[in-house]
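To start, the structure itself, in C-alpha cells.
In my numbering, the protein residues as written are 1371 to 1779.
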C-alpha cells in the first residue's frame, strides 16, 4: 500500500478529488491545445498534407493499441506512478514538438519524422493517462456520491474540449508554436508535482504484470462498454461532419454549437450524476440515449442557427448525461483491484467508436450526400444502445446493487 492508513473519503469535495480533477483538466487541456496546433505547426515546417494526416491519426491509433497494455499495467503496478509516467510522456512529447526543427537540423532527419516519433510518445501517454485518472478518482470519493462524482469529474474533459483549442490557437498566435509547446510541457510537469504531493491512494497493484485477455479487457464491463461504443459511434459523427454539414446548409456561426454545448454540459453533468445516484443507471440512461439519438436527427432537420443551439442544449442532457454514467458503470462492475482493466475497456470502446464512427459517417455522406437522412442513419446505433440498456436492465441493476452493498468494488 502506498498509504496503509488510507480510507475512502466521506465527502466528495476533498483535497484528493480536487487535485485529480485539476490534473485531469490539465492533461486533457494540453491534449486539446496540442491537437489544435499540431497540424498548423507541421504545415508551417513545410510538411505535405498526406504526412500531416498521418501525423494526426497516429495519436488515436497508438492510444488504442496501448490501451490493451494499460489495463494489465494498472492492475499490476502503482496507478499513481503510472499517471505520473503518462504525464511525463505528454510533457516530453510537447518539448519534442517544440524542438523538432532544431533536432532536424542537428540530426539531418526530416522534421515531420521527428514529430511522428514524439506523436507516438504522446499516444502512449494518452493510453495510460485518462485511464489512470479514472481509476484513481474512483478511490477519491464516497460510494454514495460515486455517480455524481463521476459526472463532475467528466467536466474536466468538457472544459478542456470547450476552451483547449481556442487557448492553444491564441497562445500560438502570441508566442509562436515553440514557446506554446514549452508552456504546455510545463503544465504537465507541474501536474506531476501536484500528484506527488497531494494524491494519496492505495497501491492496489499485484506487482506482477500478466498480459492476457482477462487483464486486457474486463469481461464484467463488456455490457457498459458495448453501450459506450454504440452511443459514441453515432455521437462522433457530430465532431467529424457537423461544421461541413452546416456550411452545406448555409447556416452561419455553427461553431457556437460547441460553445453552447460545453456551457450546458457544465450544468447538466453534475445534475444528471445526482439523478443517477438517486434513481440508478437504467432510469437515467434510457432517456439520455434517446435524447442523444434525437439530437442527431434534429441536426439534420435544422435550418437556422438557433435550431442548432437548441440541439446543443438537448445533447447536453443526452450524450453529456450518459457518458459519465457509463464510465461509472464500468468502474462499478469490477473489484477495486481490476479497475485498471475496466477503465481500459471503457476507453477501448470509446477509441474504437472514435476511429470507426467518422469513417462510416463519411461513407454515408458520400452515398447520400449532406442531407438530413445521413444524421438519421448515424442515430441508428444510438437507438440500438437504448435496446441494449432495456435488454440488460436486470444485469445493470444488479451491478449497482452489488457495488452499493460492498459485494463488488
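The beta carbon of each residue, even a glycine, is placed where N, CA and C say it ideally should be. The model shown is predicted, which means the values in this text are computed figures rather than measured ones.
Contact check, residue 1759 vs residue 1656, beta carbons under 8 Å: yes
Contact set for residue 1436: own chain, Cβ-Cβ below 6 Å, skip 5 residues either direction: 1494, 1497
Identity of the residue in 1606, 1523, 1689, 1482 nearest residue 1415 by Cα: 1482
Cβ distance (whole Å) where residue 1765 is taken to contact residue 1593 below 8 Å: 6 Å
Contacts around residue 1519, its chain only, beta-carbon distance under 6 Å, and the 5 residues preceding and following it disregarded: Cβ contact annotation for residue 1519 (same chain, cutoff 6 Å, sequence separation greater than five): 1382, 1511, in chain order.
Where residue 1380 falls: helix, strand or coil (DSSP): Three-state DSSP puts residue 1380 in coil, outside helix and strand.
Test item: CB-CB of residue 1618 and residue 1740 under 8 Å: yes
Cα-Cα separation between residue 1610 and residue 1521, rounded to whole angstroms: Whole-angstrom Cα-Cα distance: 25 Å.
Closest Cα partner of residue 1673 within the set 1638, 1622, 1652, 1696: 1622
Residue 1583 and residue 1392 closer than 8 Å at C-beta: Cβ distance not < 8 Å, so residue 1583 and residue 1392 don't count as in contact.
CA-to-CA distance, residue 1684 to residue 1665, given in whole angstroms: 6 Å
beta-carbon residue 1537 near the ligand ATP non-hydrogen atom, thresh 7 Å: This structure lacks the ligand ATP; in fact it carries no ligand of any kind.
Test item: CB-CB of residue 1547 and residue 1407 under 8 Å: yes
Own chain, CB closer than 6 Å to residue 1468, minus 5 neighbours either side, in chain order: 1548, 1551, 1552
Three-way DSSP call (helix, strand, coil) for residue 1740 in this model: coil
Environment of residue 1477 [buried if 16+ CB atoms lie within 10 Å]: exposed
Residue of 1555, 1404, 1769, 1395 minimising C-alpha distance to residue 1591: 1769
Limits of the alpha helix (DSSP H) - the one that residue 1765 falls within: 1763 to 1775
Helix, strand or coil at residue 1423 [DSSP, three-state]: helix
Endpoints, the alpha helix (DSSP H) within which residue 1403 is located: 1385 to 1414
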